[in-house]
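Q: Just so we're aligned, residue 36 is where the sequence shown starts under the working numbering, counting upward by one. Have a look at this one.
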Amino acid sequence: MGNRGILDRFIWKEMAGSFVFGVMAFTMVFVAGDLLFQIASMIIEKGISIGVVLRLFIYSLPEVIILTLPMACLLSALLTFGKLSTNSEIVALKASGISFQRILKPVIVGSLLVGLSALILNETVVPFSNRAAENLMRFEVMREKPSVLKEQVFLRDESNGQLNRVIYIEKLQPRKGTMTNVLVQEFEKGKLKRITVGKTGLWKDGKWWIDDGEVFQVTNGGKVELLFRFERQQFDLNLSPQQVEQASRKPSEMSALELMAQIRLLQAQGGNLAPLWVLFHLRFAVPWASVVLAILGASLGVRSHRTGSGVGFGLSVMIVFVYYVVMSLCKAFGETEHMPPLLAAWVPNVLFLLVGGYFARKAND
36 MGNRGILDRF
46 IWKEMAGSFV
56 FGVMAFTMVF
66 VAGDLLFQIA
76 SMIIEKGISI
86 GVVLRLFIYS
96 LPEVIILTLP
106 MACLLSALLT
116 FGKLSTNSEI
126 VALKASGISF
136 QRILKPVIVG
146 SLLVGLSALI
156 LNETVVPFSN
166 RAAENLMRFE
176 VMREKPSVLK
186 EQVFLRDESN
196 GQLNRVIYIE
206 KLQPRKGTMT
216 NVLVQEFEKG
226 KLKRITVGKT
236 GLWKDGKWWI
246 DDGEVFQVTN
256 GGKVELLFRF
266 ERQQFDLNLS
276 PQQVEQASRK
286 PSEMSALELM
296 AQIRLLQAQG
306 GNLAPLWVLF
316 HLRFAVPWAS
326 VVLAILGASL
336 GVRSHRTGSG
346 VGFGLSVMIV
356 FVYYVVMSLC
366 KAFGETEHMP
376 PLLAAWVPNV
386 LFLLVGGYFA
396 RKAND
């Protein structure tokens with residue numbers, strides 16, 4: 036048992052350096068490919084200060100790093116097992132009665148920890164940093180007037196950790212101060228108690244008014260009953276049209292729980308939920324690509340006896356490219372309802388896990 040523990044620690048130590056190298060290298064590829072060009076354009080054309088550019092760079096990094104973690108797992112496994120194979124250490128381990136599946140154990144454990152870390156970061160740091168980057172771009176870099184039309188605006192009203200209201204606005208025109216298709220859900224102690232719907236909303240004399248609407252109550256049994264209809268009534272929302280626009284969030288700026296709240300809210304409106312469902316499932320599927328690609332990388336590394344860092348990096352880029360092509364195709368099928376959203380999100384992982392499992396079995400021969 037002690038010898039197996041030594042083996043695990045040895046493989047983790049070997050993989051650690053190439054994993055860090057992979058995160059840095061792939062992050063630089065992403066940054067150099069898009070972000071640096073964008074930053075250079077801001078400095079030269081818009082005269083943005085270095086301080087603002089540096090903040091934008093920092094805010095953009097978490098999302099980029101999350102994408103690079105599965106790639107780094109693939110590269111580190113590929114390089115480590117390629118090196119072990121070249122030095123005949125894999126052969127020696129097999130000769131001592133250790134199967135390739137057992138040699139894979141530290142790879143699976145390590146990549147599981149990476150996937151779990153990515154999942155936690157995706158739910159905490161990434162939505163916050165994306166929101167900060169968006170606000171920085173809109174209000175300090177672009178310095179543009181509010182957009183003419185903003186669609187699918189969601190607002191959450193909370194106090195002391197309790198959800199009071201969820202507001203959905205299908206269309207908002209900040210310049211005109213108008214809303215279309217407004218839905219307000221009011222909660223008491225976490226339970227939905229009242230629903231207000233209105234066809235239009237108007238910002239007038241510093242107040243919001245909802246026209247042509249209905250108010251429903253939700254009984255303890257879950258039944259929805261009409262209370263009354265109205266032609267116009269005041270809407271208790273202490274935000275101007277511009278503030279409403281600023282307070283609303285994009286799906287990329289939300290955690291999975293907030294995204295689920297959006298989906299449930301849209302269900303009441305009968306909107307197209309497929310894109311949001313695909314995005315929701317991808318929040319969980321993409322982090323676990325670290326495990327799938329690590330297994331594939333280790334299995335392919337054993338087969339290649341000349342996997343230097345350059346060759347390994349190139350092979351990793353090819354595999355990752357194929358993975359993201361498959362993921363993009365499945366995502367498109369899911370968003371157009373040609374494939375169930377859950378299946379669309381997880382098919383790439385399943386396919387690449389099957390390929391990795393096949394090569395892992397071959398490596399044990």
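From the three backbone atoms N, C-alpha and C, an ideal C-beta is built for every residue, glycine too.
#1: With distances taken between CB atoms, is the gap from V142 to A333 smaller than 7 angstroms?
#2: Pull the bridge partners of T254 from the DSSP assignment, please.
#3: Between the segment 125-142 and the segment 207-214, can you find at least three pairs of beta-carbon atoms closer than 8 angstroms?
#4: Compute the distance between the beta-carbons of V9 and P383, then report whether it is under 7 angstroms.
#5: Strictly by DSSP, which residues pair up with K239?
#6: Tell me the DSSP secondary structure of K180 in three-state form.
#7: Just to confirm my understanding: we take T62, look at its own chain, exclude 5 residues before and 5 after, and list those with CB closer than 7 angstroms. What are they?
#8: Taking the CB atoms as reference points, tell me whether L110 and S351 lie closer together than 7 angstroms.
#9: Report the residue from G349, A107, L328 and V217 whose alpha carbon sits nearest the alpha carbon of G392.
#10: Can you give the beta carbon distance from D247 to E266, rounded, assuming they're within the 8 angstroms contact cut?
#11: Please identify the residue among Q252, P376 and V337 whose C-alpha is closest to the C-alpha of K397.
#12: Would you call V55 buried or exposed, if buried means 16 or more other Cβ atoms sit within 10 Å of its Cβ?
#13: Roughly how many angstroms lie between the CA atoms of E179 and G257, to the nearest whole one?
#14: Measuring only the C-alpha atoms, how far is D240 from H373?
#15: Short check: CB of A107 to CB of G57, under 7 angstroms?
#16: Can you say whether G150 is buried or exposed, counting buried as having 16 or more other CB atoms within 10 angstroms of its CB?
A: In short, the structure shows the following:
#1: Numbered from its first residue, the sequence shown carries residue 142 at position 107. Numbered from its first residue, the sequence shown carries residue 333 at position 298. In this structure, the beta-carbon distance from V142 to A333 falls below 7 angstroms.
#2: Walking along the sequence shown from the start, residue 254 turns up at place 219. Its beta-bridge partners do not exist; DSSP assigns none.
#3: The segment 207-214 vs the segment 125-142: no contact.
#4: Here the chain has residues from 36 to 400 only, and residue 9 is not among them.
#5: Translated into positions along the sequence shown, residue 239 becomes position 204. Paired residues: K242.
#6: Walking along the sequence shown from the start, residue 180 turns up at place 145. Unreliable placement is indicated for K180, whose pLDDT of 45 sits below 50; no coordinate value is reported for it.
#7: The residue labelled residue 62 in the question sits at position 27 within the sequence shown. Hits under 7 angstroms: V99, I100 and T103.
#8: On the sequence shown, residue 110 is found 75 positions in, with the first residue counted as 1. On the sequence shown, residue 351 is found 316 positions in, with the first residue counted as 1. Contact: yes.
#9: Position 357 of the sequence shown holds residue 392. Closest option to G392, Cα to Cα, is L328.
#10: As a first step, residue 247 is located in the sequence shown; it is residue number 212 there, counting from the start. As a first step, residue 266 is located in the sequence shown; it is residue number 231 there, counting from the start. At roughly 6 angstroms, the Cβ-Cβ gap stays under 8 angstroms, so D247 and E266 are in contact.
#11: On the sequence shown, position 362 is the one that residue 397 refers to. Cα-wise, what sits closest to K397 is V337.
#12: Locating residue 55 in the sequence shown gives position 20, counting from the first residue. Under this definition V55 is an exposed residue.
#13: The residue given as residue 179 occupies position 144 in the sequence shown. The residue given as residue 257 occupies position 222 in the sequence shown. Model confidence at E179 stands at a pLDDT of 48, short of 50, so the residue's coordinates are unreliable; what they give is reported in the following sentence. Each residue's Cα considered, the two are about 45 angstroms apart.
#14: Here residue 240 refers to the residue found at position 205 when the sequence shown is read from its first residue. Here residue 373 refers to the residue found at position 338 when the sequence shown is read from its first residue. Cα to Cα, D240 sits roughly 48 angstroms from H373.
#15: Residue 107 sits at position 72 when you count from the first residue of the sequence shown. Residue 57 sits at position 22 when you count from the first residue of the sequence shown. Taking 7 angstroms as the Cβ cut-off, A107 and G57 qualify as a contacting pair.
#16: Taking the first residue of the sequence shown as 1, we reach residue 150 at position 115. With 16 or more Cβ atoms within 10 Å of its Cβ, G150 is classed as buried.
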